[in-house]
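Please read the structure below before turning to the comments.
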Amino acid sequence: MYWVEKIICRIADYLYSKYPRPFPDKVRLTDCRIISHRGEHDNKNTIENTLKAFDIALENKIFGIEFDLRWTKDLKPVVFHDRNTKRLFKKNLNINETTFSDLKSSIPQIPSLADTISRYGKKLHLMVEMKEEFYPEPVYQAGVLKDLFSALEPVKDYHLISLSPRIFDIIGFVPETAFIPVARFNTERISEIALKKNYGGIAGHYLLIPDSMFKKHTDNNQKIGTGFIGSQNSLFRELNRGAEWIFSNDAAKLQAILSHILKNQI
């Protein structure tokens, strides 16, 4: 199913990139917030979710970064997408079965959440994806996160996002508007949850969020984030529909396009 989904998305991306779109108005261009998905990476020279990938986003003056949060065996939060490190580092380590010291000793490129916040807090907007996994000590773990984010202001400096919004129930130190549930093929359900709980908005693939849903959320002062945008035409389409957060694997390119427009045509 994953590969079918990926192929469909690639075909859609290609088609949408070729279809010209009207130029967005000044307000939508100015309000656009580009988010680098797992940092600027190619997983060859620069690996996703690493300080190097995030440094490139910072150097390119991108608004924010999205990254993934997981817990080690000794309950230290680290920045990594997969449960296992094999895909990216060819080492068979499960994050939740490995202590932080052993993980850093084996794969020093994996950053801690503490280092990531310290390095980029208030410099980049942080979209922190909480992965669906077992929280053995939820009160303690929530306390760890509260301490780490204490120097930042929720909503202004960071949001917590997740494909499994029930994980937000563990977190009690931020307002509901700091939570952004992410939809896949359950867009209607995620939309209903976000509206019912007064979350900050929703995010998801642009193919799965119809125009009617945009209106429903913007009418309730909630924001929409769409991904993964890779071309100017697709960027214009999403801005014209009312998206404010633009998640992208080509964020530096999109930021350059946006910055050029804002500098020269407005």
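If you count by our numbering, then the sequence shown holds residues 11 to 276, one letter each, in order. All C-beta atoms, glycine included, are put in the ideal place defined by N, C-alpha and C. Fair warning: this is a prediction, and the values are worked out from it, not measured in the lab.
| Query | Result |
| --- | --- |
| Identify every run of the beta strand (DSSP E) within the segment 100-178, keeping only runs that are complete inside it and at least 3 residues long; order them along the chain. | 135-140, 168-172 |
| L170 and F189: beta carbons closer than 8 Å? | yes |
| Touch check for the segment 103-122 and the segment 36-43: three-plus C-beta pairs under 8 Å? | no |
| Just to confirm my understanding: we take K86, look at its own chain, exclude 5 residues before and 5 after, and list those with CB closer than 6 Å. What are they? | F110 |
| Does E76 pass the burial test, meaning 16 or more other C-beta atoms within 10 Å, or should it be called exposed? | buried |
| Verify whether the separation of the beta carbon atoms of D78 and N59 is less than 8 Å. | yes |
| Report the CB separation of T187 from G214 in whole angstroms; it is logged as a contact under 8 Å. | Going by Cβ atoms, the distance from T187 to G214 rounds to 18 Å, so no, they are not a contact pair. |
| In three-state DSSP terms, what is H270? | helix |
| Spatial neighbours of A262 within its chain, please: CB distance less than 6 Å, with the 5 preceding and 5 following residues excluded, ordered by chain position. | E50, N70 |
| What is the rounded straight-line gap between the Cα of I127 and the Cα of Y145? | 21 Å |
| Whose C-alpha, out of E139, K207, W81, D125, is nearest the C-alpha of F257? | E139 |
| Can you say whether N135 is buried or exposed, counting buried as having 16 or more other CB atoms within 10 angstroms of its CB? | Rather than Asn, the amino acid found at residue 135 in this sequence is His. Buried, by the Cβ-count rule. |
| Hey, out of I239, Q275, F99, whose CA is closest to L217's CA? | I239 |
| Rounded C-beta distance between S278 and D23? I'm assuming under 8 Å. | Nothing can be reported for residue 278, as the shown portion of the chain is limited to 11 through 276. |
| Based on the DSSP secondary-structure assignment, which residues constitute the bridge partners of S258? | S46 |
| Tell me the rounded alpha-carbon separation between C19 and Y26. | 10 Å |
| Is the beta carbon of N231 less than 8 Å from the beta carbon of L205? | no |
| Compute the Euclidean distance between the alpha carbons of V184 and D125, then round it to the nearest angstrom. | 21 Å |
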